[in-house]
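Structure first, then comments.
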Amino acid sequence: MKNPYEEQQTAILTRIIGNVAKLNDTLGDLNAKLEEINELNTDMVSFSNIWQHYQRNSVIYLNSTNSLQPPNKSGTDLL
């Protein structure tokens, strides 16, 4: 005896398989973008570490030469 729902079940399974394949492709794209973001974040961390060392060394140098001045509250000293 033939299953009366077999055609409908096959169609549903085909749709599910197609959707899972699309989801897999999309997750692959997402993974690639996340890897790219992680690489950029690594670059930012490296830059931040370099900047912190530069800032620390600048303060040490300015202290040793008695050239360190308090920051200007208006922020116009840099212009």
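Just so we're on the same page, the working numbering is the position in the sequence shown counted from 1, plus 6. Think of the CB as a built atom: it goes at the ideal place given N, C-alpha and C, for glycine as much as any other residue.
Let me confirm a value: L85 is counted as buried when at least 16 other C-beta atoms fall within 10 Å, else exposed. Which label applies? With a pLDDT of only 47 at L85, under 50, the local geometry of the prediction cannot be trusted, and no value is derived from it.
Identify the continuous alpha helix (DSSP H) that holds L29 and give its terminal residues. E12 to S70
How many Å lie between N9 and T32 at the Cα? 35 Å
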